[in-house]
Amino acid sequence: MMKSVPVQSFAMLSLLFCWACLITGCGGEPEAKKRADVTITVTHEGTPVTEAEVRMMQVGKGEGAVGMLNESGQAELTEVVLGSYTVTINPPEGTPDNPAPQKEYPNIPKQYRNLKDSPLKADVKAGDNEFTFELK
1228 MMKSVPVQSF AMLSLLFCWA CLITGCGGEP EAKKRADVTI TVTHEGTPVT EAEVRMMQVG
1288 KGEGAVGMLN ESGQAELTEV VLGSYTVTIN PPEGTPDNPA PQKEYPNIPK QYRNLKDSPL
1348 KADVKAGDNE FTFELK
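Just so you know, we're using this note's numbering here: the sequence shown kicks off at 1228 and counts up by one.
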């Protein structure tokens, strides 16, 4: 002969199950950070800077983006997290197999090469973002 489970016990088990799901994080993924594409153009005395790396950093937040300038002095950066950035422009770095030649790069003044001194700022918003920087 089968014993029936009292309704009260079933209700209690259901309640415990729901509570366990809530405690363990039964829910959705956290909302993804909003992103946008960025185009940066860099010139020095009106001439495109073509041999350089562009870095965008949100100081203290850990977000950033990196791109290389092309022959037009432009870098295309995709999927950049929205927010305010400090921008640095640096001569290209070599690799262990192909070290960069010893070149001065006078078209990239030293103040633009580090986060602490760079006056270059970019505020990335939803949609397309275009920034032009004239290095002096």
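We treat Cβ as the ideally placed atom computed from N, Cα and C, and that holds for glycine.
Can you tell me whether DSSP reads residue i as helix, strand or coil?
i	result
Tyr1312	strand
Lys1348	strand
Val1281	strand
Glu1258	coil
Gly1291	strand
Val1307	strand
Spatial neighbours of residue i within its chain, please: CB distance less than 6 Å, with the 5 preceding and 5 following residues excluded, ordered by chain position.
i	result
Phe1358	Ile1267, Ala1349
Asp1324	none
In the DSSP output, what is residue i paired with across the bridge?
i	result
Pro1275	Thr1270
Arg1340	In DSSP, Arg1340 forms no bridge with anything.
Ser1356	A small correction: the amino acid at residue 1356 is Asn; Ser does not occupy that position in the sequence shown. Per DSSP, Val1265.
Leu1362	His1271
Asn1317	Glu1280
Less than 8 Å between the CB atoms is what I'm expecting for residue i and residue j, so what's the real figure, rounded?
i	j	result
Val1276	Leu1296	6 Å
Phe1360	Leu1342	Not confirmed; about 15 Å, so no contact.
Gly1289	Met1283	Not confirmed; about 12 Å, so no contact.
Within a Cβ cutoff of 7 Å, which residues of the same chain sit near residue i, ignoring the five residues on either side of it in sequence?
i	result
Gly1300	Thr1268, Val1269, Thr1270, Pro1275, Val1276, Thr1277
Ala1353	Lys1261, Ala1263, Leu1309
Asp1344	Gln1338
Please return the same chain residues whose Cβ sits closer than 8 Å to the Cβ of residue i, not counting the five positions on each side in sequence.
i	result
Glu1298	Pro1275, Thr1277
Ile1335	His1271, Val1276, Ala1279, Ile1316, Asn1317, Pro1318, Leu1362
Residue i: buried (16+ other C-beta within 10 angstroms of its C-beta) or exposed?
i	result
Val1293	exposed
Ala1279	buried
Val1307	buried
Ala1302	buried
Val1314	buried
Val1286	exposed
Should residue i be counted as a contact of the ligand NAD given a C-beta to heavy atom distance under 7 Å?
i	result
Phe1360	By its list of ligands, the structure shown contains no ligand whatsoever, and the ligand NAD lies outside what it can speak to.
Could you check whether the Cβ of residue i sits closer than 8 Å to any Cβ belonging to chain D?
i	result
Lys1330	The structure shown contains no chain D, having only a single protein chain.
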